[in-house]
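Okay, structure first, notes after.
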Amino acid sequence: MSDLHFLGLGGTDEVGASSYLYRLAEGNLLIDAGARPGSIGEAALPQLGLLTDHPPAAMILTHAHLDHVGALPVVVRRFPKLNIYCTEATARIATLVLGDTLKVTTMQGQPLFSEGEMKRTLERLRPVPYFMRVSDHGFAFTLFPSGHLLGAASVLIESGGRAMFHTGDVSNISTPVVDAAWLPATVTPVDAVVSESTYGDTLLPSRKEQVRAFVTAIGETLRGGGRVLIPSFALGRAQEITQILQTAMVSGLLPSVPIHLDGLTRGITEAYEDMLPLLPEALQNRSKVSKQQPFLTGTVNLVKDRREREGILASERPAVVIASSGMLHAGASPQYARAWLPHAENALFVVGYQDAESPGRRLLELQQGGEVMLPAARGEGFEPVSAYSRVERFYLSAHADRGGLLGMIARYQPGKVILTHGELRARSNLAGYLNSKHDVGLPAAGELVPLKDSGKRRGSFINTAPRKLEALKERHARTTVNVRYDPETHEVRIALPDTLDGTLFGEGDYTLEVLRGKTSRIKLREHDAEAMEGHRQAEEDRTAEKTLA
């Protein structure tokens, strides 16, 4: 096991430039090579120089978001014969994302790669289906649906009789355009889990309620004569929002107004139309029954060029624009924001993750009427823009929150956990909820970490010590408890009555069931529960004997 190590080249203590090297007994496996949104030139890249002494035998691309694929041609420049494995959908989408990355970085004057390098990179992609075990390089790996994006995958890695699970970006919530992450039906122990932690410090609100509030806010703006800008990640999020708006307009919840798709959202949405057989079955059936395209129908319009965009900007008609980029770093969305933010009747709704330095994050932190720095009209630097319009955030994330991540990690009962893809607070908070008996690593980029099972007890993943509470079972009598939600920390705190004694999380294996919209239940495995019940009964008998005496 000493031969197995993890080396993060980027995307460890940040969300961006994700790239991870697994040093295995049979060879090295590289997972992802992303760029850092908002940065240009070398500053956008992971520490790829570390690969010089540890060349990869193979590579896996988990999905085609910029922060996971943007530096891929730079890797292929170094290793031109490298085989890159991914799903079919990821291979098709990567073509569009890399093309857009080349266009944007060329406009910035610091292209990351050439057109020829991009073409050679795409030729190295090797699509493989989910659930197919690949063992061509000594070690073996299997891709599983991760729920984050069409084609996105988690990776089970097998080497030297050991197993590691790399979550990639993961979501346990189904949306109109992607099913939730696949999980094994029963607990499947592995030696280590390398998990993302984007929302490791957050319990996200109900998605259903967020969608309802989102539609209501859009309706209020449109009926007031305003225009709505939704800066969106072009991949997945834009298509989900399009589905939400189309459904709301058909049902009368929203007035029928133009829905303009601009920037990279145009080409991606057209690609989604071509990939209908890969989309969720419910969406396929709906398209089949209606005999209409799933996205490009109704009032949806693809903004073809700058002239058409200028016409939309000049119009005072109520409309919705879904434009990339989602963090207002670049692309079409800052152009609409510069024109519409100064007017109080308009609205800008944030629907995705915003990194700490993004214009989108700074806009959310403003009081209405302040100024935000946005990319300048001529593409050189930034300029201040007044923000008098309605600005609001809705949580339509494609990442699992803290509860979802804890539940997923528990399913694999790892001896070691490494947390990546998260800011300091998110990683540290999630680490605090993992039991102290786990070996939890929070490596920095460039730090080599052994993938070694510490031998500590597996299966306990919630840190409760030294608190002592009563063990809960389904057959125990129901007891009223006080449940309080803290909106600042997004924590649910449960106060149990003083009449309860014993230990809630005693020795034994537990399962966690999260019932969305209703309750959550932590249940002790049956034979352990019986043992605890026997122990409790013995204590009661001894107490009774003392009383009689």
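In short: position in the sequence shown from 1, add 4, done, that's the working numbering. All residues carry an ideal CB built from backbone N, CA and C; glycine is no exception. Nothing here was measured: the structure is a model prediction, and the numbers come from that model.
For the putative contact between residue i and residue j, defined by C-beta atoms under 8 Å, what is the C-beta separation to the nearest angstrom?
{"i": "residue 343", "j": "residue 317", "result": "5 Å"}
{"i": "residue 200", "j": "residue 174", "result": "6 Å"}
{"i": "residue 338", "j": "residue 378", "result": "5 Å"}
{"i": "residue 236", "j": "residue 326", "result": "5 Å"}
{"i": "residue 30", "j": "residue 141", "result": "7 Å"}
{"i": "residue 435", "j": "residue 51", "result": "About 23 Å separates the two Cβ atoms, so there is no contact after all."}
Quick one: Cα of residue i to Cα of residue j, how far?
{"i": "residue 464", "j": "residue 63", "result": "Confidence at residue 464 is low in this model, with a pLDDT of 39, below 50, so the placement of that residue should be treated as unreliable; the coordinate-derived value is given next. Approximately 33 Å, taken between the alpha carbons."}
{"i": "residue 206", "j": "residue 120", "result": "42 Å"}
{"i": "residue 321", "j": "residue 241", "result": "25 Å"}
{"i": "residue 143", "j": "residue 224", "result": "56 Å"}
{"i": "residue 273", "j": "residue 227", "result": "27 Å"}
{"i": "residue 334", "j": "residue 422", "result": "32 Å"}
{"i": "residue 54", "j": "residue 416", "result": "30 Å"}
{"i": "residue 118", "j": "residue 106", "result": "7 Å"}
{"i": "residue 331", "j": "residue 102", "result": "18 Å"}
{"i": "residue 33", "j": "residue 149", "result": "19 Å"}
{"i": "residue 3", "j": "residue 12", "result": "Residue numbering for the chain in the displayed model covers 5 to 553; residue 3 lies beyond these limits and cannot be assessed."}
{"i": "residue 108", "j": "residue 71", "result": "14 Å"}
{"i": "residue 187", "j": "residue 324", "result": "37 Å"}
{"i": "residue 10", "j": "residue 58", "result": "12 Å"}
{"i": "residue 243", "j": "residue 430", "result": "27 Å"}
{"i": "residue 139", "j": "residue 405", "result": "33 Å"}
{"i": "residue 446", "j": "residue 296", "result": "48 Å"}
{"i": "residue 47", "j": "residue 110", "result": "15 Å"}
{"i": "residue 14", "j": "residue 426", "result": "11 Å"}
{"i": "residue 213", "j": "residue 370", "result": "25 Å"}
{"i": "residue 251", "j": "residue 349", "result": "24 Å"}
{"i": "residue 358", "j": "residue 234", "result": "13 Å"}
{"i": "residue 8", "j": "residue 81", "result": "26 Å"}
{"i": "residue 433", "j": "residue 155", "result": "29 Å"}
{"i": "residue 16", "j": "residue 89", "result": "22 Å"}
{"i": "residue 21", "j": "residue 455", "result": "22 Å"}
{"i": "residue 124", "j": "residue 67", "result": "19 Å"}
{"i": "residue 85", "j": "residue 319", "result": "52 Å"}
{"i": "residue 176", "j": "residue 420", "result": "22 Å"}
{"i": "residue 146", "j": "residue 259", "result": "46 Å"}
{"i": "residue 45", "j": "residue 453", "result": "28 Å"}
{"i": "residue 514", "j": "residue 411", "result": "The predicted model places residue 514 with a pLDDT of 48, which falls under 50 and marks its position as unreliable; any figure quoted below should be read in that light. About 11 Å."}
Looking at the unbroken beta strand (DSSP E) that takes in residue i, where does it start and where does it end?
{"i": "residue 405", "result": "Unbroken run through residue 405: none, as it is neither H nor E."}
{"i": "residue 163", "result": "157 to 163"}
{"i": "residue 215", "result": "No beta strand (DSSP E) holds residue 215; the alpha helix (DSSP H) holding it covers 211 to 227."}
{"i": "residue 167", "result": "166 to 170"}
{"i": "residue 363", "result": "From DSSP, residue 363 is part of no beta strand (DSSP E) but of the alpha helix (DSSP H) over 363 to 369."}
{"i": "residue 176", "result": "No beta strand (DSSP E) contains residue 176, which DSSP labels as neither H nor E."}
{"i": "residue 2", "result": "It is not possible to answer for residue 2, since the shown part of the chain is limited to 5 through 553."}
{"i": "residue 191", "result": "Note, residue 191: premise wrong, no beta strand (DSSP E); not H, not E."}
{"i": "residue 379", "result": "375 to 379"}
{"i": "residue 420", "result": "420 to 424"}
{"i": "residue 352", "result": "351 to 354"}
{"i": "residue 141", "result": "138 to 141"}
{"i": "residue 205", "result": "Taken as a continuous stretch (DSSP letters only), residue 205 belongs to no beta strand (DSSP E), as it is neither H nor E."}
{"i": "residue 449", "result": "Where residue 449 is concerned, there is no enclosing beta strand (DSSP E), given that its DSSP letter is neither H nor E."}
Does residue i get closer than 9 Å to chain D when you measure Cβ to Cβ?
{"i": "residue 392", "result": "Looking at the structure shown, chain D is missing, and only one protein chain is on hand."}
So does residue i have its beta carbon nearer than 8 Å to some heavy atom of the ligand SAM?
{"i": "residue 364", "result": "Annotation note on the ligand SAM: not contained in the displayed structure, which lists no ligands."}
Taking the alpha helix (DSSP H) that residue i falls in, what are its first and last residues?
{"i": "residue 122", "result": "119 to 127"}
{"i": "residue 430", "result": "428 to 437"}
Report task. Decide if the stretch 94 to 102 is in contact with the stretch 119 to 136; the criterion is three or more beta carbon pairs, one per stretch, under 8 Å apart. Result -> yes
Query raised in the report: Where in the stretch 5 to 92 do unbroken runs of the alpha helix (DSSP H), each at least 4 residues long, occur, reported from the N-terminal end onward?
Result: 70 to 73, 76 to 82
Query raised in the report: Three or more beta-carbon pairs under 8 Å between the stretch 59 to 77 and the stretch 35 to 44, yes or no?
Result: yes
Query raised in the report: Counting Cβ pairs closer than 8 Å, one from the stretch 261 to 271 and one from the stretch 291 to 309, do we hit at least three?
Result: yes
Query raised in the report: Is the stretch 401 to 421 close to the stretch 188 to 195, with three or more CB pairs under 8 Å?
Result: yes
Query raised in the report: If you scan the stretch 310 to 336 from start to end, which runs of the alpha helix (DSSP H) of 4 or more residues do you find wholly inside it?
Result: 310 to 318
Requested in this report: Evaluate contact between the stretch 360 to 371 and the stretch 288 to 299, counting only Cβ atoms and requiring at least three cross-stretch pairs below 8 Å.
Outcome: no
Query - Meets three-Cβ-pair contact criterion under 8 Å: the stretch 377 to 391 and the stretch 164 to 171 - result: no
Query - In chain order, each beta strand (DSSP E) run of at least 3 residues that lies wholly inside the stretch 223 to 308 - result: 232 to 235, 263 to 266, 304 to 306
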